[in-house]
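Asks: Handing you this structure, nothing more for now.
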């Protein structure tokens with residue numbers, strides 16, 4: 249048994265398979281940050297901090313002795329709780345393939361957005377500085393007219409190239425702008441989505457939790473999401489009607505190269 253206490257839950261192997269499969273299928277589209285930054289780990293639940301490779305000078309323990317303390321970034325543990333109907337879980341054991349797990353779906357959405365926000369915009373309480381907080385470049389403001397959006401993205405890519413940051417490049421986009429991009433056809437019938445992909449050389453990523461957009465280099469080594477325990481489901485308690493579970497992960501995030509990203513803000 250581990251800290252997730254799954255063995256204590258009144259859930260069969262079939263039930264756990266259904267829960268895990270549902271969570272995985274829902275998480276994949278929501279985890280935008282992982283499509284654009286380096287993922288280190290998972291290193292396990294006991295992994296508590298990211299080594300920053302730096303020291304801070306402190307007073308020595310005795311006369312004639314100097315001292316320095318290693319600097320680390322502690323991992324943060326995040327959790328989203330949810331309940332599942334025991335009737336639905338029993339139906340899964342009977343072979344039902346259409347079981348309804350709405351609270352699990354909402355917990356997946358919440359925790360994935362939390363990870364995206366921490367990576368792209370920071371999480372002050374956890375000591376995490378996000379990409380848009382750390383970038384050395386001024387944000388680029390784009391007009392509401394989507395016909396002008398390729399110029400904005402091209403300007404961001406040019407800014408990165410002039411800073412010596414190689415591509416390919418990726419673009420994390422808020423859901424509203426992503427939808428507008430997908431729906432837009434340029435003059436001559438050319439899809440805006442395809443045009444942007446050619447400018448970037450990399451993916452356009454639907455990114456819930458992102459404000460505006462962020463163009464990042466995908467060359468590697470610039471942004472690191474350090475995972476202790478990857479997203480996992482654990483058991484809280486149960487009664488005659490429901491089983492209470494939670495979705496949990498531990499992670500830190502750091503920007504290694506502030507020159508490797510440009511934020512895009514919507515005009516107005």
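In my numbering, the protein residues as written are 249 to 516.
Heads up, the beta-carbon is just placed ideally off N, CA and C, and yes, glycines get one too.
(1) First and last residue of the beta strand (DSSP E) that includes residue 319?
(2) For residue 316, count neighbouring C-beta atoms within 10 Å of its own C-beta (all shown protein chains included) and say buried if the count is 16 or more, exposed if not.
(3) Tell me the rounded alpha-carbon separation between residue 437 and residue 427.
(4) Given this structure, state the Cα-to-Cα distance separating residue 305 from residue 320, to the nearest angstrom.
(5) Could you give the C-beta distance for residue 331 and residue 490, rounded to a whole number, given that I count them as a contact under 8 Å?
(6) Is the distance from the Cβ of residue 297 to the Cβ of residue 323 below 8 Å?
(7) Quickly, what does DSSP pair residue 381 with across the bridge? List them, please.
(8) With DSSP run on the structure shown, which of helix, strand or coil describes residue 437?
(9) Would you decide whether residue 515 is buried or exposed? Buried here means 16 or more other CB atoms lie within 10 Å of its CB.
(10) Around the Cβ of residue 504, are there at least 16 other Cβ atoms within 10 angstroms (buried) or fewer (exposed)?
(11) Rank 417, 285 and 492 by C-alpha distance to the C-alpha of residue 379 and give the top, closest one.
(12) So which of 481, 414 and 458 has the shortest CA-CA distance to residue 508?
(13) May I have a chain-ordered list of the alpha helix (DSSP H) segments no shorter than 4 residues that lie completely inside the segment 388–418?
(14) Assuming residue 461 and residue 512 make a contact with CB atoms under 8 Å, what is their CB distance in whole Å?
(15) Considering just the uninterrupted stretch of the beta strand (DSSP E) at residue 497, what are its terminal residues?
(16) Considering only the alpha carbon of each residue, which of 416, 375 and 269 lies closest to residue 470?
(17) Which same chain residues, not among the five before or five after residue 391, have their C-beta less than 7 Å away from its C-beta?
(18) Checking 8 Å against the spacing of the C-beta atoms, do residue 473 and residue 357 come in under that value?
(19) Are the Cβ atoms of residue 386 and residue 447 separated by less than 8 Å?
(20) In whole angstroms, give me the CA-to-CA distance for residue 327 and residue 254.
(21) Roughly how many whole angstroms lie between the Cα atoms of residue 518 and residue 478?
(22) Is residue 299 helix, strand or coil by DSSP?
(23) Does DSSP classify residue 342 as helix, strand or coil?
(24) Just to confirm my understanding: we take residue 209, look at its own chain, exclude 5 residues before and 5 after, and list those with CB closer than 7 Å. What are they?
(25) Could you have a look at residue 478 and say whether DSSP puts it in helix, strand or coil?
(26) How far does the beta strand (DSSP E) with residue 454 in it reach, from first residue to last?
Replies: With the given structure in hand:
(1) Looking up residue 319 in the chain shown gives position 71. Its beta strand (DSSP E) spans residues 315–322.
(2) Along the chain shown, read from residue 1 onward, the residue named residue 316 stands at position 68. Residue 316 comes out exposed.
(3) Residue mapping note: residue 437 aligns to position 189 of the chain shown, counting from 1. Residue mapping note: residue 427 aligns to position 179 of the chain shown, counting from 1. Below a pLDDT of 50, predicted positions are generally treated as unreliable, and residue 437, at 47, falls in that range; no measurement from the model is reported.
(4) As a first step, residue 305 must be located in the chain shown, where it is residue number 57. As a first step, residue 320 must be located in the chain shown, where it is residue number 72. The alpha-carbon atoms of residue 305 and residue 320 are separated by roughly 14 Å.
(5) Mapped onto the chain shown, residue 331 falls at position 83. Mapped onto the chain shown, residue 490 falls at position 242. That belief holds up - the Cβ atoms of residue 331 and residue 490 are roughly 4 Å apart, short of 8 Å.
(6) Here residue 297 corresponds to residue number 49 of the chain shown, with the count starting at 1. Here residue 323 corresponds to residue number 75 of the chain shown, with the count starting at 1. Yes, these two residues count as a Cβ contact at 8 Å.
(7) Looking up residue 381 in the chain shown gives position 133. Paired residues: none, contrary to the question.
(8) The residue given as residue 437 occupies position 189 in the chain shown. Legend: pLDDT at residue 437 = 47, less than 50; position of this residue unreliable, value from coordinates given subsequently. Residue 437 falls in the coil class under three-state DSSP.
(9) Mapped onto the chain shown, residue 515 falls at position 267. Exposed, because fewer than 16 other Cβ atoms sit within 10 Å of the Cβ of residue 515.
(10) The residue labelled residue 504 in the question sits at position 256 within the chain shown. Per the 10 Å Cβ criterion, exposed.
(11) For the purposes of this step, residue 379 is identified with residue 131 of the chain shown, where counting begins at 1. Selected option, being the one with the closest Cα: 285.
(12) If you number the chain shown from 1, residue 508 lands on position 260. It is 414.
(13) 397–410
(14) Against the chain shown, residue 461 aligns to sequence position 213. Against the chain shown, residue 512 aligns to sequence position 264. Between residue 512 and residue 461 the Cβ distance is about 4 Å, and since that is below 8 Å, they are a contact.
(15) In the chain shown, the residue the question calls residue 497 occupies position 249. It spans 490–503 - the beta strand (DSSP E) in which residue 497 sits, taken as one unbroken run.
(16) Within the chain shown, residue 470 is the residue found at index 222, counting from 1. Residue 470 has its Cα closest to that of 416, out of 416, 375 and 269.
(17) In the chain shown, residue 391 corresponds to position 143, counting from 1. Only 515 meet the Cβ criterion.
(18) Taking the chain shown and counting its residues from 1, the one referred to as residue 473 is at position 225. Taking the chain shown and counting its residues from 1, the one referred to as residue 357 is at position 109. Taking 8 Å as the Cβ cut-off, residue 473 and residue 357 do not qualify as a contacting pair.
(19) Position 138 of the chain shown, counting from 1, holds the residue named residue 386. Position 199 of the chain shown, counting from 1, holds the residue named residue 447. The answer is no: Cβ separation not under 8 Å.
(20) Walking along the chain shown from the start, residue 327 turns up at place 79. Walking along the chain shown from the start, residue 254 turns up at place 6. When rounded, the distance between both Cα atoms is 16 Å.
(21) Outside the displayed range of the chain (249 to 516) lies residue 518, so it cannot be described from this structure.
(22) The count along the chain shown starts at 1 and reaches residue 299 at position 51. DSSP places residue 299 in strand when its eight states are reduced to three.
(23) Position 94 of the chain shown, counted from the first residue, corresponds to residue 342. DSSP places residue 342 in coil when its eight states are reduced to three.
(24) The requested residue 209 is not part of the displayed model; the chain covers only 249 to 516.
(25) In the chain shown, residue 478 corresponds to position 230, counting from 1. The answer is coil: DSSP assigns residue 478 none of H, G, I, E or B.
(26) On the chain shown, residue 454 is found 206 positions in, with the first residue counted as 1. It spans 452–454 - the beta strand (DSSP E) in which residue 454 sits, taken as one unbroken run.
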